[in-house]
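Asks:
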Amino acid sequence: MNKMIKISSILMAVFLIIGCAERTSDNEISTTEEIKMLQDKINKFVPVEIQYNEDLLDDREKVVLEKLYQASKIIDDLFLEQVYSKNLGIRSELLAKIETETDPDIKNKLEHQLELFKIMFGPFDRLDNDKQFMGDSEKPLGANYYPEDITKEEFENWIKANPADEKSFTNEFTVIRRAGDALKAVPYNEYYKDKLTEISMLLKEAASYADNPSLKKYLNSRADAFLTNDYFQSDMDWMDLKDHKIEVVIGPYEVYEDGLFNYKAAFESFVTIKDPVETKKLEVFENYLDEIEKNLPLPDEHKNYQRGSESPMVVTNVVFTAGDTKAGVQTLAFNLPNDERVRQAKGSKKVMLKNIHEAKFAKLLKPISEMVLDETELEYVTFDAFFNHTLMHEMSHGVGPGFIKVDGRDTEVKKELKETYSILEECKADILGMYNNMFMIEKGVYPKEIEKEIWVTFLAGAFRSMRFGITSAHGGGNAIIYNYFLEKGAYEYDSKAQKVKVNFEKIFPTLEELATKVLMIQAKGDYDGAKALMEKYAVNSPSIEALRNKLAVLPVDIKPVFEIEE
């Protein structure tokens with residue numbers, strides 16, 4: 011008996027030693043567990059090779075493409091710096107540790123951290139409310155555009171005390187920094203001078219090989235803009251691109267990363283090759299912009315006929331993307347520029363990324379629809395409806411309120427709605443994407459028979475977007491729509507089967523009601539109204555939670571593997 015006790019004690023000691031090697035305390039996890047956690051996060055992005063047809067380009071155009079790729083690689087580093095002040099240091103440290111680490115398990119963990127860091131552009135999980143997956147720092151709400159310890163109240167109080175600073179402080183192309191006890195705005199061309207100078211030189215070199223006059227003009231003016239911090243003329247030149255094969259836009263645009271105010275623009279780049287056949291098919295839509303504005307469910311005094319009537323639409327295949335658009339979830343299409351002065355003069359351009367659409371439909375939307383939709387509606391999930399919704403979503407960014415008056419002041423929707431702007435604007439574009447597709451049926455552009463495809467494909471797509479996170483611009487916008495429609499009976503959820511379907515009788519009146527509500531918030535610059543709508547509907551409701559959990563076995567998005575990098 012004593013011998014058995016002694017043996018048991020020895021075994022217990024051995025198990026404790028092994029346990030200590032694996033888990034040093036209740037709050038720590040083993041290297042093996044950490045690698046698995048990181049791999050699970052990486053697996054949410056399914057690798058997809060992004061190919062392009064180089065034979066479409068002549069030898070000089072191939073040089074232009076290479077120069078644009080090199081410039082875009084610098085955009086990646088610029089955006090990395092914008093996201094978090096410590097990002098460049100973290101990356102350098104990871105690379106150095108991987109190079110010198112001799113323990114294979116620790117080296118494996120470091121390599122996993124680096125891979126996820128590259129996907130997320132930092133140590134914060136963009137699919138999990140920016141929760142850190144390495145280190146113990148929280149992501150600053152204002153990213154690296156502001157001092158990390160600044161509050162909204164401090165920023166707003168500074169402007170109240172120094173009204174002459176308001177224009178530079180709210181400018182999209184400045185960073186805010188401390189100067190002793192004061193705050194100051196530093197223009198991008200000063201703060202990021204070295205990188206922007208290098209990009210400018212590459213664009214000038216690309217322009218020297220560009221035989222297309224409009225592309226040459228844009229590349230030269232955009233190169234100048236990086237050095238002057240004035241992007242207006244180059245945005246105008248981008249709108250005027252004609253008869254070109256290479257469709258490129260490079261610069262600071264979207265404001266999603268600025269969680270404090272949605273003021274500051276993030277650097278990004280799209281290098282694509284135009285698909286002339288698919289682009290030709292979209293010409294019919296360019297004639298309907300004014301009619302779409304007129305048809306909006308909004309009182310006439312708030313309709314915006316001042317935006318330019320130009321609305322070029324281009325279908326392209328991606329060669330390479332960089333910066334903001336590549337972080338985490340990949341962009342399907344874009345509608346630029348965002349400068350209301352350019353939109354007033356020329357409208358905006360919609361660029362559809364066909365090869366990205368094809369990848370996401372096959373790898374994400376079809377599997378999602380099979381898991382969340384009622385079986386009776388699965389036949390209505392189609393690629394054409396998916397592609398056409400994105401097209402009309404981008405067109406819808408270009409209609410509705412832009413410049414507005416609030417209490418007699420001339421202002422802009424995005425400045426009045428502050429940090430709520432991005433979610434409300436994406437919500438608006440998705441609502442009007444459906445609304446305007448119905449209008450295209452009414453005008454005979456689409457056949458009546460595809461109506462159910464529009465409704466059902468969007469519903470499946472909403473879960474694709476909400477998996478990006480309810481606090482993200484697209485996820486939050488879709489949560490508003492889904493929860494509002496569910497409340498009004500336009501969507502019906504079967505909790506037992508964990509399936510959802512469209513009520514085809516109720517959906518259009520509900521859509522029109524929500525469209526009016528969101529458009530009026532924008533038209534009035536109603537910040538409190540935007541916050542109230544988001545607090546009630548941009549939430550992870552029980553059925554969203556149940557269906558998102560059900561979808562956890564599927565990848566959330568694609569991870570592009572660009573052929574040009576190989």
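First residue of the sequence shown? That's 11 in the working numbering, and the numbers climb one at a time after it.
Don't be surprised by glycine CBs; every beta carbon is placed ideally from N, CA and C.
Within 10 angstroms of the Cβ of A489, are there 16 or more other Cβ atoms? Answer buried if so, exposed if not.
Replies: When all chains shown are included, A489 counts as buried.
Asks: Within 10 Å of its beta-carbon, does V423 have 16 or more other beta-carbons around it, so buried, or fewer, so exposed?
Replies: buried
Asks: Buried or exposed: N167, going by 16 or more other Cβ atoms within 10 Å of its Cβ?
Replies: exposed
Asks: Which one or two residues does DSSP pair with G261 in a beta bridge?
Replies: Answer by DSSP bridge pairing, in chain order: E278.
Asks: Would Y155 be called buried (16 or more neighbouring beta carbons within 10 Å of its own) or exposed?
Replies: buried
Asks: Consider the C-beta atom of L48 and the heavy atoms of the ligand PLP; say whether any pair is separated by less than 6 Å.
Replies: The ligand PLP is not part of the structure shown, which contains no ligands of any sort.
Asks: Tell me the DSSP secondary structure of G99 in three-state form.
Replies: helix
Asks: Whole angstroms are fine: how far does the CA of G487 sit from the CA of L521?
Replies: Spanning the two alpha carbons is a distance of roughly 14 Å.
Asks: Please report the Cβ distance between V409 and F330, rounded to the nearest whole angstrom; I am assuming they are in contact, meaning their Cβ atoms lie under 8 Å.
Replies: Actually they do not touch by this definition, with Cβ atoms about 30 Å apart.
Asks: Go to A372, then tell me how far its beta strand (DSSP E) extends in each direction, as first and last residue.
Replies: Per DSSP, A372 belongs to no beta strand (DSSP E) and is neither H nor E.
Asks: DSSP state of R9, grouped into three classes?
Replies: Beyond the ends of the chain as shown, which are 11 and 576, falls residue 9; an answer cannot be given.
Asks: Tell whether a beta-carbon distance below 7 Å holds between L524 and L308.
Replies: no
Asks: Are Y219 and V93 touching if we call contact CB-CB under 7 Å?
Replies: no
Asks: Based on the DSSP secondary-structure assignment, which residues constitute the bridge partners of M323?
Replies: Paired residues: K360.
Asks: Do three or more CB pairs link the stretch 441 to 460 to the stretch 397 to 412 at distances below 8 Å?
Replies: yes
Asks: Please specify which runs of the beta strand (DSSP E), each continuous and at least 3 residues long, are wholly inside the stretch 383 to 441, giving them in chain order.
Replies: 413 to 416 and 419 to 422
Asks: Give a yes or no on whether the C-beta atoms belonging to A276 and F134 are separated by under 7 Å.
Replies: Not in contact: A276 and F134 (Cβ atoms no closer than 7 Å).
Asks: Which first and last residues belong to the alpha helix (DSSP H) in which N559 is found?
Replies: Per DSSP, N559 belongs to the alpha helix (DSSP H) from P552 to K560.
Asks: Can you check which of these residues, K107, S482, K128 and L292, is closest to N97 by C-alpha distance?
Replies: The residue from K107, S482, K128 and L292 with its alpha-carbon nearest to that of N97 is K128.
Asks: Kindly indicate the opening and closing residues of the alpha helix (DSSP H) around D86.
Replies: D69 to V93
Asks: With DSSP as the reference, label I39 as helix, strand or coil.
Replies: coil
Asks: Quick check on DSSP: helix, strand or coil for Y266?
Replies: It is coil, neither helix nor strand.
Asks: Using 10 angstroms around the beta-carbon of L48, count the other beta-carbons present and answer buried if the total reaches 16, otherwise exposed.
Replies: buried
Asks: Do V352 and D245 have their CB atoms nearer than 7 Å?
Replies: yes
Asks: Could you check what DSSP says for I464 in three-state terms: helix, strand or coil?
Replies: helix
Asks: Can you give me the C-alpha to C-alpha distance between P157 and Y198, rounded to a whole angstrom?
Replies: Roughly 15 Å separates the two Cα atoms.
Asks: Starting from the C-beta of F478, find all residues in its chain whose C-beta is less than 8 Å away, skip the five residues before and the five after it, and write them out in chain order.
Replies: Sequence-distant Cβ neighbours of F478 in its own chain, meaning closer than 8 Å and more than five residues away, are R136, L137, G338, V339, H484, G485, V566 and D567.
Asks: Using only CA atoms, which one of G333, N550, F397 and Y503 lies nearest to G471?
Replies: F397
Asks: Quick check on Y501: does DSSP put it in helix, strand or coil?
Replies: strand
Asks: Determine the DSSP secondary structure at K569, reduced to helix, strand or coil.
Replies: strand
Asks: With a threshold of 7 Å on Cβ separation, who are the neighbours of I108 within its own chain once the five nearest residues in sequence on each side are excluded?
Replies: K117, L120, E121 and L124
Asks: Going by C-alpha distance, which of G190, Y202, E163 and E176 is nearest D86?
Replies: Y202
Asks: Based on DSSP bridge pairs, tell me the residues matched to F449.
Replies: Beta-bridge pairing links F449 to no other residue.
Asks: Between I256 and Y62, what straight-line distance do the alpha-carbon atoms span, to the nearest angstrom?
Replies: 12 Å
Asks: Hey, quick one: how far does the alpha helix (DSSP H) through V287 stretch, first residue to last?
Replies: Taken as a continuous stretch (DSSP letters only), the alpha helix (DSSP H) holding V287 covers P286 to K291.
Asks: If you draw a straight line from the C-alpha of D50 to the C-alpha of L151, how long is it?
Replies: 26 Å
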